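Same order as they appear, the protein sequences are chains A and B.
Just so we're on the same page, the working numbering is the position in the first sequence counted from 1, plus 4.
Just so we're on the same page, the working numbering is the position in the second sequence counted from 1, plus 4.
One structure is given here, and the rest of the page talks about it.
2 protein chains.
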Amino acid sequence: MHIFYTPDLDSDVFTLSEEESRHCSKVLRLSLGDHVHLIDGKGGLFEAEISAINKKNVQLKIVHKQSDFGKRNHHLHIAIAPTKNIDRLEWFLEKATEIGIDEVTPIICDRSERRIVKEERLDKVITSAVKQSMTAYHPKLNPAITFSEFLNQDFIGARLIAHCMADAAKQSIDKLVTPHQSYLILIGPEGDFSPAELANALENGFNPVTLGNTRLRTETAALYACFEINYINR
Amino acid sequence: MHIFYTPDLDSDVFTLSEEESRHCSKVLRLSLGDHVHLIDGKGGLFEAEISAINKKNVQLKIVHKQSDFGKRNHHLHIAIAPTKNIDRLEWFLEKATEIGIDEVTPIICDRSERRIVKEERLDKVITSAVKQSMTAYHPKLNPAITFSEFLNQDFIGARLIAHCMADAAKQSIDKLVTPHQSYLILIGPEGDFSPAELANALENGFNPVTLGNTRLRTETAALYACFEINYINR
Chain A
5 MHIFYTPDLD SDVFTLSEEE SRHCSKVLRL SLGDHVHLID GKGGLFEAEI SAINKKNVQL
65 KIVHKQSDFG KRNHHLHIAI APTKNIDRLE WFLEKATEIG IDEVTPIICD RSERRIVKEE
125 RLDKVITSAV KQSMTAYHPK LNPAITFSEF LNQDFIGARL IAHCMADAAK QSIDKLVTPH
185 QSYLILIGPE GDFSPAELAN ALENGFNPVT LGNTRLRTET AALYACFEIN YINR
Chain B
5 MHIFYTPDLD SDVFTLSEEE SRHCSKVLRL SLGDHVHLID GKGGLFEAEI SAINKKNVQL
65 KIVHKQSDFG KRNHHLHIAI APTKNIDRLE WFLEKATEIG IDEVTPIICD RSERRIVKEE
125 RLDKVITSAV KQSMTAYHPK LNPAITFSEF LNQDFIGARL IAHCMADAAK QSIDKLVTPH
185 QSYLILIGPE GDFSPAELAN ALENGFNPVT LGNTRLRTET AALYACFEIN YINR
């Protein structure tokens, strides 16, 4: 059954946007009485029937509603330096959405070659992964922010930083966290965090973590952390 | 330090191919006496000094050798149906190489939309990930083979199949395997394995596994399995 992302769904009758109405009628060739799935991004999974349809306007009637669909038992926030090649960040967003993540913040670091990201485009990648993987919760993409500004914010839960510098204090994530809590993990740029950034993070209570024994790219490291947190919370 | 992949390295003096010599001299602008890293794909990590150099011919003298570099404590073989969009399979190969995998076989299944793969191109993706992640062991890419032919082969170790059909027998990988062994995991195409293929696999001693609670794309499922096996063997 086809899935539409309808974050502004607030009643038992819903009208698709003109763009989605056209997609529904012209591309999918759906017709009166057909059923579709709707996801509101807040845990709501709906089954709806097409109650009226024309090229520009498709009206849906909710016939079944499920709340807290696939509700997660923890909160994972990954702050990642945007990759030089933006495809790699988009790839991470797609995969992390499939596997399970709640919040992502692009952080601009001292050694970031890419200092600008188009949040709207990245959010579209997340939305299409939400639909594809039928995740009823839409991960939140925060605006890009500099690393130092980011550290000035308040966080609840476990604070972890993955860096490449030799560091005896590094431990694997499972040694540092317990299940069912909030986690914030910092992933640096291709050139790693600067020593000053690392020192700043440690002062702010972040624990250095190691992600396996191999040398991972930025987006692979971020996904590895995402895997591990979800694994710990299975 | 720059890394070259030299599978045919067999003495203390080595000459780069014309292509790599040009890359070394013209692109990297390296010169006499500079040091580089060599990886032979069989666990050998070498440090070499440029003992002679011109545009088409770079000669290297091994100054330090390390064997069994990053030797793995298990053997992971993933047989995966090539994705319709080949980029997704290439992406999996890159990421699996970074995280850790020993053998990959493209399997052509009943519902495979893509029935042809260019092994040479896929192997190049693996090689570049080997160099990038400094993995001294080069994962083996087997030629594509049909699912039924593949099942006729002999395997040692744990046999797992990840499918999307409802199946009470499905368990998570960690419930089915022990560390430090050989693992073979089957990952189906976008349309999943056919019931006949699943029955065939079960007859051949494969255990159905579940990969988390979310709906994963083919390449994401394969990487998830790769992550979990490596995690179990940390």
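A virtual CB, placed ideally from N, CA and C, is assigned to each residue, including glycine.
These figures come from a predicted structure and were not determined experimentally.
Residues of the same chain with a CB within less than 7 Å of the CB of residue 101/B, apart from the 5 flanking positions on each side, are 130, 133, 134, 137, 139, 143 in chain order.
By the beta-carbon neighbour count (other beta carbons within 10 angstroms, threshold 16), residue 225/B is buried. Inter-residue distance for residue 157/B and residue 192/B is about 18 Å (C-alpha atoms, whole angstroms). CA-to-CA, the gap between residue 40/B and residue 6/B works out to about 5 Å. Contacts with chain B at 8 Å (Cβ-Cβ) include residue 238/A. Contact of residue 102/B with chain A by beta-carbon distance below 8 Å involves 218, 219, 220, 221, 224.
Apart from the 5 residues on each side of it in sequence, residue 117/A sits with its Cβ closer than 6 Å to the Cβ of 88 in its chain, given in chain order.
Taking 8 Å as the upper bound for CB-CB distance, residue 52/A and residue 43/A are not in contact here, some 11 Å apart. Not flagged as an interface residue toward chain A: residue 8/B, since no C-beta distance is shorter than 8 Å. Annotation: the continuous alpha helix (DSSP H) that includes residue 228/B extends over 222 to 236. For residue 163/A, same chain residues with a beta-carbon under 6 Å away, outside a window of 5 residues either side, are 188, 209, 210 in chain order. From the listed residues 233/A, 194/A, 85/A, the smallest Cα separation to residue 213/A is found for 233/A. When C-alpha distances from residue 107/B are compared across 99/B, 75/B, 220/B, 146/B, the shortest belongs to 146/B. DSSP lists 42/B as the bridge partner or partners of residue 8/B. Look at the segment 74 to 101 of chain A: the residues with a C-beta under 7 Å from a C-beta of chain B are 74, 95, 99. About 32 Å separates the beta carbon of residue 235/B from that of residue 9/A, a gap too long to meet the 8 Å contact definition. The DSSP-derived three-state label of residue 177/B is helix.
Taking 8 Å as the CB threshold, residue 50/B stays off the interface with chain A. Residue 139/A belongs to the set of residues whose beta carbon lies under 8 Å from a beta carbon in chain B. Taking the Cβ atoms as the reference, residue 78/A lies roughly 19 Å from residue 175/A, outside the contact range of under 8 Å. Taking a contact as a CB-CB distance under 8 Å, the pair residue 148/B and residue 123/B counts as one, their CB atoms being some 7 Å apart.
As DSSP reads the structure, residue 130/B sits in no beta bridge.
Judged by DSSP in its simplified three-state form, residue 79/B adopts strand. Contact between residue 64/A and residue 20/A is confirmed by a C-beta separation of about 7 Å, below the 8 Å threshold.
Burial is judged here by how many other beta carbons sit within 10 angstroms of a residue's own beta carbon; residue 33/B has fewer than 16 and is exposed. By alpha-carbon distance to residue 220/B, the top candidate from 154/A, 103/A, 228/A, 220/A is 103/A.
Leaving aside the five residues that flank residue 160/B on each side, the residues in its chain whose CB is nearer than 8 Å to its CB run, in chain order, 186. Per DSSP, residue 61/A is one residue of the beta strand (DSSP E) stretching across 61 to 70.
Rounded to the nearest angstrom, the gap between the Cα atoms of residue 238/A and residue 113/B is 30 Å. At a cut-off of 8 Å, the C-beta of residue 176/A has a neighbouring C-beta in chain B. The segment 138 to 204 of chain A contains, as complete beta strand (DSSP E) runs of 3+ residues, the segments 162 to 166, 186 to 191 (chain order). By the beta-carbon neighbour count (other beta carbons within 10 angstroms, threshold 16), residue 29/A is buried. Rounded to the nearest whole angstrom, the CA to CA distance from residue 99/A to residue 178/A is 21 Å.
With 16 or more other CB atoms across the displayed protein chains lying within 10 angstroms of its CB, residue 201/A is buried. The beta carbon of residue 234/A falls within 8 Å of a beta carbon belonging to chain B, placing the residue at that interface.
For residue 228/B, the closest Cβ of chain A is nearer than 8 Å.
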